[in-house]
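Residue numbering for the sequence shown follows my numbering, starting at 39 and increasing by one per position. Here a beta-carbon is modelled for each residue, glycine too, at the ideal position from N, C-alpha and C. These numbers were taken from a predicted model, which means no experiment stands behind them. One structure below.
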Amino acid sequence: MIKKIFSIGFALSLILVFNACRDESLNPVPVFESGVHGFCVFDAVAFNGNVNSRPQPYEKNYAKNFPLTGQDNAKLDFKVRWVSLDNKLTVNKIEIYVEMKEYYKDPEGNDKVASFGQKLINTIATPASNRQYNNFSITPTQVYNAFKDASVKYDKVKDTKVFANPDNARPTGKWFNGTEDLIVTWRLYTSDGKVFKSWSPDGICGDVTSVSEANANCQLTFGARK
39 MIKKIFSIGF
49 ALSLILVFNA
59 CRDESLNPVP
69 VFESGVHGFC
79 VFDAVAFNGN
89 VNSRPQPYEK
99 NYAKNFPLTG
109 QDNAKLDFKV
119 RWVSLDNKLT
129 VNKIEIYVEM
139 KEYYKDPEGN
149 DKVASFGQKL
159 INTIATPASN
169 RQYNNFSITP
179 TQVYNAFKDA
189 SVKYDKVKDT
199 KVFANPDNAR
209 PTGKWFNGTE
219 DLIVTWRLYT
229 SDGKVFKSWS
239 PDGICGDVTS
249 VSEANANCQL
259 TFGARK
């Protein structure tokens, strides 16, 4: 009996020594912090007088686009919401960015793409509460003004402004003609000073679940089409 008690006591002492000497920084199990994500969709429009009728998936790319003509008076309506799954963070500002990509051929006839980076287009200064939508619009004029000084070496030598390319005429009111992708992204600012602007492409960005209050995406693409 005494030998058994000694064995138990010795085992307990080893456990205490191990715990006292363990370096928690080497613990392979990560401690995850709270985060937020966003969900942006093309806003609903009325079909047959019913604003709730949605024949298109409005969270999908190219569900709506700029028209090919009359762009100086056009706009696209969107809505975006922030989501905190554990309700531990609050978003107090949302910034909306647009990236412009142009597709063209080089002098040898090779397909090329030029990205002109992301430009701030809209700011939602006082967003609605968790999982509630915020409405905003993007106009062709806004996007044109953001990228009007962008240039490309189409001939591999001389910089030419994208909207002044003689091989791809873009007159006023017809700035976008289908040779571009316009990619909407967002940044979420929380009240404790955090900024969320990128998410896992295999997790948040690849959300394939049915539409719910917890849905997520990371960008939305549109262009100019009939």
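- Positions of the beta strand (DSSP E) runs, each at least 3 residues long and wholly inside the region 155-240, are given as 172-176 and 218-228 in order along the chain.
- At least 8 angstroms separates the beta-carbon of V118 from that of H75.
- In the DSSP secondary-structure assignment, L114 is bridged to I176.
- The Cβ atoms of N125 and S229 lie no closer than 8 angstroms to each other.
- Classified as exposed, E146 has fewer than 16 neighbouring CB atoms from the shown chains inside 10 Å of its CB.
- Spatial neighbours of K212 in its own chain (CB-CB distance under 8 angstroms, excluding positions within 5 residues in sequence) are listed in chain order as L106, T107 and Q109.
- For T247, there is no enclosing beta strand (DSSP E), as DSSP gives it neither H nor E.
- Beta-bridge annotation (DSSP): L258 is paired with V222.
- A distance of 8 angstroms or more separates the beta carbons of I159 and A188.
- Under the DSSP assignment, K264 falls outside any beta strand (DSSP E); it carries neither an H nor an E label.
- Contact between D144 and K194 holds, with the beta-carbon distance rounding to 7 angstroms and staying under 8 angstroms.
- Checking the DSSP bridge columns, you'll see A152 partnered with E140.
- Relative to the Cα of N255, the nearest Cα in the group I132, Y192 and S236 belongs to S236.
- Beta-bridge partners of K131 (DSSP): Y227.
- For E133, the closest C-alpha among the options D219, N173 and D149 is that of N173.
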